[in-house]
Amino acid sequence: MFTVIHMKGTPYERGLTYGKEAKEKIYRKIEEHKVLFDKESHISWEKAKEVAQTFLEPIQKIRPDLIEEMRGIAEGAGVDFETILTLNCRTEIMFTIEENECTAIGVPPEASSDSKTYLAQNWDWWSIGEENSVVIEVEQAPYAKALIVTEAGVVGGKGLNECGVALSLNALSCNRSKKGLPVQILLRHALSQKTLPKAINTIASSPRAGAASVGLASADGNVVFIEYTSENLDVLTGKGQAICHTNHWLSLFMKTRPETSQYSYSSTFTRLDRAIRLVKLAGKLNPEKIHEILSDHAGFPEGICRHADPEVPVYHRHSSSWSMVIDPKDKVLWLTDSQPCKSDLIAYRISD
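Numbering (this note's numbering), first residue to last: 39 to 390.
In structure tokens, the structure reads:
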């Protein structure tokens, strides 16, 4: 499922390589989003492209290289730039939908069997897009080289960098948004930083659009989860214990902000409780135990390892597209090539 696309050179050259090598998956991603915008958000594809233009200015101001990278992707894939921009802004375009996807676990050295830090998650997404993910390795001096698992045509995502910083993402809902960096751009910008404190500051100091929970872990033992909206932010720490997160606000500060809301009242709460209990039951954690937890089916089909529900329309079905466990010290990104219950972890590493 995951062929690594090695991107280097100028930002445009990086994107050109990406667009050419992921061309078929980018086409499928475009068709997938035409359906999702229509069925889930009642927005036409043309309207979505129009909304995406409002994010061009903040991206250009903070990471102009990513605009050039997107232009290269468009050229390589044979589509217009506006289409690639729309794929990279899709979360904010759809921000009012219910968020009920992804389970993440951050493990500090005190909670692991080998005194290492781990960051893990399942990526739950609409089932119609299950086979449209890619792994990109980006050389982007003066920023850190990064290994990122994402969706075809998107420049940001989850992963790790050469300096031992790892990043995960859980969707959260809010009832308002401002003009700012879309989450995919913010993820790329944070993962480009060479230390975890700098990654935190990047998220805190950047103009943000929408809402999310970003997990960060580092080779030197730090693990945090950042909950943010465009207006507020809080940082959660585990104080030596593993941290679990799903898709509702955990920070008391964030829960009481006027812009936060919890649209989903189903599996986000049961998945979080289940993950916390399984982590406690497992004792000291390692990649194998984390993978086992992320393969759990309690609450099926809406468990930690999610499966498509045949009782809902095909365009509304969700499943765990893949699962990841990151070891930032040894710079290993383990991925499954489908739902974690069906696949072993496969190791991907940053090239020398």
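Cβ coordinates follow ideal geometry from the N, Cα and C atoms, glycine included.
CA-to-CA distance, residue j to residue i, given in whole angstroms
i	j	result
D152	W360	25 Å
D390	E175	11 Å
I135	G114	Legend: pLDDT at I135 = 49, less than 50; position of this residue unreliable, value from coordinates given subsequently. Each residue's alpha carbon lies about 31 Å from the other.
C201	A142	21 Å
K232	N239	12 Å
P147	P351	43 Å
G259	E349	43 Å
N170	T188	9 Å
S211	V89	19 Å
L310	E69	32 Å
V261	V145	7 Å
D162	G197	16 Å
F75	Y353	10 Å
M45	K85	31 Å
N126	W164	16 Å
Exposure label - residue i; buried when at least 16 CB within 10 Å
i	result
G57	buried
S82	exposed
T294	exposed
K322	exposed
N213	exposed
I384	exposed
T121	buried
H80	exposed
Cβ pair residue i, residue j closer than 7 Å
i	j	result
I223	I105	no
D347	R355	yes
C343	I314	no
S268	K216	yes
K67	G253	no
A35	L157	Nothing can be reported for residue 35, as the shown portion of the chain is limited to 39 through 390.
N270	A209	no
P220	E130	yes
R226	G194	yes
G110	L54	yes
V363	I328	yes
T124	K87	yes
Opposing strand residues paired with residue i [DSSP bridges]
i	result
N208	S251
Q279	For Q279, which the question treats as bridged, DSSP gives no partner whatsoever.
Y156	V145
D162	S358
Y353	Per DSSP, none; premise fails for Y353.
A385	W372
Y266	A250 and L271
M45	V176
G171	As written in the sequence, residue 171 is Ser, which differs from the Gly given in the question. BP columns for S171 point to E189.
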